[in-house]
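Residue numbers (the working numbering): 2 to 431.
A virtual CB, placed ideally from N, CA and C, is assigned to each residue, including glycine.
Values in this document were obtained by computation on a predicted structure and should not be read as measured data.
Right, one structure below, let's go through it.
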Amino acid sequence: MCADYTNPETILLHTGHRGDPTTGSVAVPIHQTTSFQFKNTEHAENLFALKELGNIYTRIMNPTNDVLEQRVAAMEGGVAAVALASGQAASMFSVMNLCRVGDNFVSSTNIYGGTWNLFANTLKDFGVECRFVDPADPDGFAEATDEKTRCYYAETLPNPKLNVFPIKEVADIGRKLGVPLIMDNTAAPLLCRPFDHGAAVVMYSTTKWLGGHGTSIGGILVDGGNFDWEAGGDRFPSLNHPDPSYHGAIWTEAVKPLGPIAYILRARVILLRDIGAATTPTNAFNVIQGLETLPLRMKEHCANAIKVVDYLKSHEKVETVIHPSVQSGELRRRADAYLKDGYGGLVGFELKGGKKAGMKFIDTLKMFFHVANIGDARSLAIHPASTTHSQLSPEELIQSGATPGYVRLSIGIEHIDDIIADLDQALSAA
Ligand code: PLP
């Protein structure tokens, strides 16, 4: 199904659904049901034994979720996907599908704070060590790798610094050492396809641009089908050793008639089965609605963001503007190598007046929403030093990029004149 179309504009409207077989419904139906009637006991037995793939129970699969999964997998050029309850669940699943107690993985330091906490604290408490590496030097990933390293993890376009990750450089290191790269592509849908640069797994918080309307928390994990888990030997016991929780199945063997989906099949039949972080069919439907206009929205987000950057660059109260389009040197090379048709909808800027000015600016905005979110069709703003990053020390604030006068904007798709007018009146008060 994933290969029906190659252009994302068409994939996101058509892949995986061509009229409901019983009603003819053109819109994807919301299959709001917990369970699915088996045809008979043989059918039920075959489904549980994975001899036949089909619907059993919505914690593990659902036809509405399935359309979302097929569309995002096709958009990314992957082989299959699993929709999840949140981006956090997707990050957790992406790593826990490979790691056990005593294992480690290597993550970029430039990641979302919630992911940082999950990796540095919660997973540590579960006996899995995250080794953080500054992506300024990709070789750091090789240096942090040993025989217990199960994967690398990074974000394509991480805020607040908006320094694009060196995907190919680190994927190449990983492929040489037999370690897969997992990319959080939340802020760069359509602008970047990490599988094209050697990543093995992609995840999204669908809460952001994919859903695009600020209605539904969700996440998704996509398998590139391009990593040889079998050749990895003892590095990937969860995939290529017998699984005692599924009558000794070896996932790399079990998927042979189905294609290279060992990683994503295990995420579904083991992690979703046991952890249960399933998304609801209604939320999957909401994300499907968002996907239908994602290509149009991304163009607008990117075009408006560039105009905002141009406006902020010449404003007397602005010290610096943070956006890939104004970077230079190696950072700009990476931005141009990995992003196409735009640099994304996030814009940061540093106010000369520091924290006080940052807070005043936010309090004076009229149209921008002051929220801890990104990727809505509406324009959003936040002052990290007084909110999301307020627990950090002054040194940590500088290290994270969330300096006292830093403001993060997620530029929406309103008319650019209204966006600039709101920024202008708020800056005059800051
Ligand atoms: N990844 C990135 C880049 C994010 O910005 C976020 C949330 O802000 C997440 C993951 C977590 O996603 P969610 O809030 O859907 O759990």
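Three or more Cβ pairs closer than 8 Å define a contact, and the segment 399 to 418 meets that threshold against the segment 343 to 357.
S217 places its beta carbon 8 Å or farther from that of N164.
Taking 8 Å as the cut-off, the Cβ atoms of Y205 and E156 do not count as close.
T146 is positioned such that its CB atom lies no closer than 8 Å to that of R72. When DSSP assignments are scanned along the segment 2 to 74, the uninterrupted stretches of alpha helix (DSSP H) that are 4 or more residues long and fall wholly within it turn out to be 9 to 15, 42 to 49.
A residue is called buried once 16 or more other Cβ atoms fall within 10 Å of its Cβ, and V327 is buried on that count. Taking all protein chains shown into account, D418 has fewer than 16 neighbouring C-beta atoms within 10 Å of its C-beta and is therefore exposed.
DSSP places R132 within a strand segment (E or B) once states are collapsed to three. Taking the Cβ of T187 as the reference point, at least one heavy atom of ligand 1 falls within a distance shorter than 7 Å. In the three-state scheme derived from DSSP, where H, G and I count as helix and E and B as strand, V202 is classed as strand.
Nearest neighbour of A304 by Cα position, chosen from E170, L178, L182, G343, turns out to be G343.
Of the candidates G402, A81, E415, the residue whose Cα lies closest to the Cα of M368 is E415.
Contact between A386 and G359 holds: their C-beta atoms lie close to 6 Å from each other, under 8 Å. L222 is bridged by DSSP to V83, M204. DSSP places R333 in the helix class (H, G or I) of the three-state scheme. A heavy atom of ligand 1 is found nearer than 7 Å to the CB of I218.
Considered as a whole, the segment 316 to 387 harbours 319 to 323, 347 to 352, 381 to 383 as its complete beta strand (DSSP E) runs of no fewer than 3 residues, in chain order. F106: member of the beta strand (DSSP E) spanning 105 to 109, first to last residue.
When DSSP states are grouped into helix, strand and coil, Y247 belongs to the helix group. By the C-beta criterion, the segment 33 to 45 is judged to be in contact with the segment 58 to 67, since at least 3 inter-stretch pairs fall below 8 Å. If only complete runs of 4 or more residues are kept, the segment 239 to 318 shows the alpha helix (DSSP H) at 252 to 255, 263 to 267, 282 to 293, 295 to 314, in order along the chain. Of L158, G141, L191, the smallest CA-CA separation from E170 is found for G141. With respect to the 8 Å criterion, T110 and D135 are classified as neighbours on the basis of their beta carbons.
Here DSSP, grouped into helix, strand and coil, assigns T123 to helix. According to the DSSP assignment, V408 belongs to the beta strand (DSSP E) that extends over 407 to 411.
Beta-bridge analysis with DSSP links L182 to Y153. Distance from the CA atom of Q290 to the CA atom of T280, rounded to whole angstroms, is 15 Å. The beta carbons of V202 and D224 sit about 6 Å from each other, so the pair counts as a contact at 8 Å.
When DSSP states are grouped into helix, strand and coil, Q392 belongs to the coil group. Look at F94 here: in three-state DSSP terms it is helix.
In this structure, L295 and G376 do not form a Cβ contact; the two beta carbons are roughly 10 Å apart against a cut-off of 8 Å.
Apart from the 5 residues on each side of it in sequence, N284 sits with its Cβ closer than 6 Å to the Cβ of S217, G219 in its chain, given in chain order. Around the beta carbon of Q89, 16 or more other beta carbons sit within 10 angstroms, so the residue counts as buried.
DSSP, read as helix, strand or coil, puts W117 in helix. In this chain, the alpha helix (DSSP H) harbouring F142 covers 140 to 144.
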